[in-house]
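K.L.:
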Amino acid sequence: MIEENVKKLLEEIKENPYGEKVTLVAAVKTQTVESINRAIAAGITDIGDNHVQEFRDKYDEITGSPRRHFIGHLQTNKVKYLIGKTFLYQSVDRLELAEEISKRSARAGVTSDCLVQINIGNEETKGGFEYEYGLDACRKIAAMPALKVKGLMAMLPFTDDEAVLRPLAKKMRALYDALRGEMDGIEYLSMGMSGDWKLCVECGSNMVRLGTSIFGTRRYN
């Protein structure tokens, strides 16, 4: 099933309407090493972790050298375990976290790439900067040593109502375009999960984070 799902998704996810290649990041929370490696063997090039402990426990057992993303809420005291091993920190949702990644990266002699998380639905249960503060947050983070802003990340509200989702997704694309017009090196608008990725790509996302669509319904111990 995993192999079939990956093949189907890679055939379906090509470009967004802006002519940009869409990167598929496999969200691997709670997945076994075997399942993750099967997805990689089937063509997955990028995998995203939500929990530092899982990232550490499985790190040496992952085959195929995929690019490693951290896509979950990140505590500052856990940053030290990810430095030098993470292709993209997707969930930089506060200045304190950016400062810690910057400090740890500089100390290790590496430059870390990150996405600035925007709370596009203004939801109390989600982290991220307010939309109106997004550009200013990006400027402050981009000025930090050993840290590069590569774009934006967002999670849309959990609803099937396209009348709610589409305007928010388009607002994120507008913010991304504004950021790209202001800064060099902006590449990624990470927006879209298994339930809404098609809409997000239609609205200009060029990176999606899919778990259920690849691995099936997630099982929790």
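When we follow this note's numbering, the leftmost residue of the sequence shown carries the number 2, and every step to the right adds one. Note that CB positions come from ideal geometry on N, CA and C, so glycine has one too. Since the model is a prediction, treat every value here as computed from it, not as a measurement.
Counting beta carbon pairs with one atom in the stretch 52 to 71 and one in the stretch 7 to 15, are three or more of them shorter than 8 Å?
P.N.:
Result no; under three Cβ-Cβ pairs closer than 8 Å.
K.L.:
For threonine 213, which residues of its own chain have a beta-carbon under 6 Å away from its beta-carbon, when the five flanking residues on both sides are left out?
P.N.:
Here residue 213 is taken as the residue at index 212 of the sequence shown, counted from 1. Taken in chain order, the residues that qualify are Ser195.
K.L.:
Straight-line CA distance for glycine 65 to arginine 39?
P.N.:
The count along the sequence shown starts at 1 and reaches residue 65 at position 64. The count along the sequence shown starts at 1 and reaches residue 39 at position 38. Approximately 10 Å, taken between the alpha carbons.
K.L.:
Under 8 Å between the Cβ atoms of alanine 107 and proline 146?
P.N.:
Reading the sequence shown from its first residue, position 106 is the one you call residue 107. Reading the sequence shown from its first residue, position 145 is the one you call residue 146. Yes; because the gap between Cβ atoms is below 8 Å, this pair is in contact.
K.L.:
Based on Cα-Cα distance, which residue from Glu4, Gly135 and Ser113 lies nearest to isoleucine 119?
P.N.:
In the sequence shown, residue 119 corresponds to position 118, counting from 1. The shortest Cα separation from isoleucine 119 among Glu4, Gly135 and Ser113 belongs to Gly135.
K.L.:
For a minimum of 4 consecutive residues, which ranges assigned as the alpha helix (DSSP H) are wholly contained in the stretch 83 to 119?
P.N.:
Entirely contained in the stretch 83 to 119, the alpha helix (DSSP H) runs reaching 4 residues are, in chain order, 96 to 109.
K.L.:
Do you know how far the Cα of arginine 69 is from the Cα of lysine 59?
P.N.:
In the sequence shown, residue 59 corresponds to position 58, counting from 1. In the sequence shown, residue 69 corresponds to position 68, counting from 1. One C-alpha to the other measures close to 12 Å.
K.L.:
Closest to leucine 166 by CA distance: which of Lys199, Ser113, Leu75 and Thr112 is it?
P.N.:
By 1-based counting over the sequence shown, the position of residue 166 is 165. Looking at the Cα atoms, Lys199 is the closest of the given residues.
K.L.:
Taking only the alpha-carbon atoms, compute the straight-line gap between leucine 83 and glutamate 131 and give it to the nearest angstrom.
P.N.:
Within the sequence shown, numbered from 1, the residue matching residue 83 stands at position 82. Within the sequence shown, numbered from 1, the residue matching residue 131 stands at position 130. Rounded to whole angstroms, leucine 83 to glutamate 131 spans 26 Å at the Cα level.
K.L.:
Look up phenylalanine 130 in the DSSP assignment and say whether it is helix, strand or coil.
P.N.:
The residue you call residue 130 lines up with position 129 of the sequence shown. The answer is strand: DSSP assigns phenylalanine 130 an E or B state.
K.L.:
Between which residues of its own chain and leucine 89 is the CB-CB distance below 6 Å, once the five residues before and five after are set aside?
P.N.:
One-based indexing of the sequence shown puts residue 89 at position 88. Counting only Cβ-Cβ distances below 6 Å, and skipping sequence neighbours, we find His70 and Asp114.
K.L.:
Just list the alpha helix (DSSP H) runs in the stretch 145 to 200, keeping only unbroken ones of 4 residues or longer that don't cross its boundaries, in chain order.
P.N.:
Here the runs fully enclosed are 163 to 183.
K.L.:
Return yes when the Cβ of isoleucine 121 is within less than 8 Å of the Cβ of lysine 172, no when it is not.
P.N.:
On the sequence shown, residue 172 is found 171 positions in, with the first residue counted as 1. On the sequence shown, residue 121 is found 120 positions in, with the first residue counted as 1. Result yes, Cβ atoms of lysine 172 and isoleucine 121 sit closer than 8 Å.
K.L.:
Contact defined as beta carbons within less than 8 Å: I believe proline 67 pairs with glutamate 203. What is the distance between those atoms, to the nearest angstrom?
P.N.:
The residue given as residue 67 occupies position 66 in the sequence shown. The residue given as residue 203 occupies position 202 in the sequence shown. Their Cβ separation, rounded to whole angstroms, is 26 Å, which puts proline 67 and glutamate 203 out of contact at 8 Å.
K.L.:
Could you give the distance in angstroms between the alpha-carbon of leucine 153 and the alpha-carbon of tyrosine 189?
P.N.:
Reading the sequence shown from its first residue, position 152 is the one you call residue 153. Reading the sequence shown from its first residue, position 188 is the one you call residue 189. Answer to the nearest angstrom: the Cα atoms are 6 Å apart.
K.L.:
Under the DSSP definition of a beta bridge, which residues are partnered with alanine 138?
P.N.:
On the sequence shown, position 137 is the one that residue 138 refers to. Looking at the DSSP assignment, alanine 138 forms no beta bridge with any residue, so it has no partner.
K.L.:
Can you tell me which of the three DSSP states glutamate 55 falls into?
P.N.:
On the sequence shown, position 54 is the one that residue 55 refers to. Note: glutamate 55 maps to helix in three-state DSSP.
K.L.:
Keeping to the same chain, check which residues put their C-beta closer than 7 Å to that of threonine 218; ignore five residues upstream and five downstream.
P.N.:
Numbered from 1 along the sequence shown, position 217 holds the residue referred to as residue 218. If we look at threonine 218 and ignore the five residues flanking it on each side, it has no Cβ neighbours.
K.L.:
Using 10 angstroms around the beta-carbon of glycine 110, count the other beta-carbons present and answer buried if the total reaches 16, otherwise exposed.
P.N.:
By 1-based counting over the sequence shown, the position of residue 110 is 109. Result: exposed.
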